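Enquirer:
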Amino acid sequence: MNKNFNTALEKAFNKEFSWLDHFENPYSTYGFSSQFESNIKSIIPKSAFTYVSVGKKRIRKTLLVALVALLALVITGCAVAVHYIIEWHEEQNINQGTLDVTFDIKGQDAPEEEATSIPETPTGYTITEQHIDVSSCIIIYSDSQENQIVYSLNNIDNMKVSIDNEVADFEETIINGCKGYSSSKDGTNALYWASVTHFYELQGTCDMGILLTMAESMVN
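Yeah, the sequence shown ends on 219 if you go by numbering that gives the first Met the number 0, and it's all consecutive.
1. Who are the near neighbours of LYS105 in its chain, counting only those whose CB is closer than 8 Å to its CB and skipping five residues on each side?
2. Helix, strand or coil, according to DSSP, for ILE209 in the structure here?
3. In whole angstroms, give me the CA-to-CA distance for ASN146 and THR187.
4. Mapping the DSSP letters down to three states, classify GLY203 as helix, strand or coil.
5. Would you mind working out which of GLN91, THR6, ASN13 and ASN3 sits nearest ASP163, comparing C-alpha positions?
6. Among residues of its own chain, excluding the 5 on either side of VAL160, which ones have a beta-carbon nearer than 7 Å to its beta-carbon?
7. Grouping DSSP H, G and I as helix and E and B as strand, with all else coil, what is ASN157?
8. Looking at C-alpha atoms only, which residue of GLY203, HIS88 and ASN175 is the closest neighbour of GLN144?
9. Could you give the DSSP three-state label for ALA7: helix, strand or coil?
10. Which residue from ASN157, LYS10, ASN3 and ILE137 puts its Cα closest to that of TYR150?
11. On a CA-only basis, which of LYS10, GLU9 and LEU98 is nearest GLU165? Give me that one, please.
12. Please classify MET158: is it buried, with 16 or more other beta-carbons within 10 angstroms of its beta-carbon, or exposed?
13. Can ILE117 and THR127 be called in contact, C-beta distance under 7 Å?
14. On the DSSP bridge assignment, give the partners of ALA193 in chain order.
15. Alpha carbon to alpha carbon, what distance is there between ALA7 and ILE174?
16. Just verifying my parser: in three-state terms, what is the DSSP assignment at GLU215?
17. Of all the options GLU119, ILE148, TYR191 and THR196, which has the alpha carbon lying nearest to the alpha carbon of THR212?
18. Taking the beta carbon of GLY96 as the centre, do at least 16 other beta carbons fall within 10 Å, making it buried, or is it exposed?
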């Protein structure tokens, strides 16, 4: 069965991309957007620069997976959803030691307001303070050892965020399929990410794994 599938796939790609034979290395100067690369990396770790052969063609593995996924949706008659892209406009603030960020939402239509989302309370913690409204949210979790976790959510319309990035453990990451950052400094771990209409932040004097579990609990 795998052999038949591979043969059919090879023939389909040879036919679909036959026009490539008329060009000399047409992808030599092409680069995927950083958002596309980040999203695909969350599906196939460490495959951003892996190429595979399909017939006579050399195609990025990430692109092949995206095309096969699209083909599967067409075959099953599923509709392809429109995904809104949040563009991060980043500027290093040397004087303050922060990464200053503003956002743009790209899509065919303006997305509807995202419902206020609350992470699950970690084992051993209780909610000691919370303020929730339509566009923002702040919740403080505490345990018996006086450790605290602060969760905040804000609407990204006209929002500017300053993230402390003068730490060795500051890095870009993927959180719930969205671009974000993680950092560790002086015993405090933090996660930052943006999705649809909101910017999220989780930070606390706890293990990073607890924050990741909280973030993952917010996926519907």
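Even glycine gets a Cβ: it sits at the ideal position worked out from N, Cα and C. Every value quoted in this text rests on a predicted model; they were computed, and no experiment measured them.
Expert: According to the data block:
1. In the sequence shown, residue 105 corresponds to position 106, counting from 1. Hits under 8 Å: TYR83, ILE84, ILE85 and GLU86.
2. For this step, residue 209 is matched to residue 210 along the sequence shown. ILE209 falls in the helix class under three-state DSSP.
3. Here residue 146 refers to the residue found at position 147 of the sequence shown. Here residue 187 refers to the residue found at position 188 of the sequence shown. In a straight line, the C-alpha of ASN146 is about 10 Å away from that of THR187.
4. As a first step, residue 203 is located in the sequence shown; it is residue number 204 there, counting from the start. Here GLY203 sits in strand by DSSP.
5. The sequence position of residue 163 within the sequence shown is 164, counting from 1. With distances taken between Cα atoms, ASP163 lies closest to GLN91.
6. By one-based count along the sequence shown, residue 160 stands at place 161. Correct list, in chain order: VAL100 and PHE198.
7. Counted from its first residue, the sequence shown places residue 157 at position 158. Residue state, collapsed to three classes: coil.
8. Translated into positions along the sequence shown, residue 144 becomes position 145. Among GLY203, HIS88 and ASN175, the Cα nearest to that of GLN144 belongs to GLY203.
9. For the purposes of this step, residue 7 is taken as the residue at position 8 of the sequence shown. Reduced to three states, the DSSP call for ALA7 is helix.
10. Reading the sequence shown from its first residue, position 151 is the one you call residue 150. If we check each option's Cα against that of TYR150, ILE137 comes out closest.
11. Position 166 of the sequence shown, counted from the start, is the residue given in the question as residue 165. Among LYS10, GLU9 and LEU98, the Cα nearest to that of GLU165 is on LEU98.
12. Mapped onto the sequence shown, residue 158 falls at position 159. Flag for MET158 reads exposed.
13. In the sequence shown, the residue the question calls residue 117 occupies position 118. In the sequence shown, the residue the question calls residue 127 occupies position 128. Going by C-beta atoms, ILE117 is not nearer than 7 Å to THR127.
14. Residue numbering aside, residue 193 sits at position 194 when the sequence shown is read from its first letter. ALA193 pairs with PHE198.
15. As a working mapping, residue 174 is identified with position 175 in the sequence shown. As a working mapping, residue 7 is identified with position 8 in the sequence shown. Their backbone Cα atoms lie some 36 Å apart in a straight line.
16. Here residue 215 is taken as the residue at index 216 of the sequence shown, counted from 1. DSSP places GLU215 in helix when its eight states are reduced to three.
17. Indexing the sequence shown from 1 puts residue 212 at position 213. Per the Cα distances, GLU119.
18. Translated into the one-based positions of the sequence shown, residue 96 becomes position 97. The residue is exposed, with fewer than 16 neighbouring Cβ atoms inside 10 Å.
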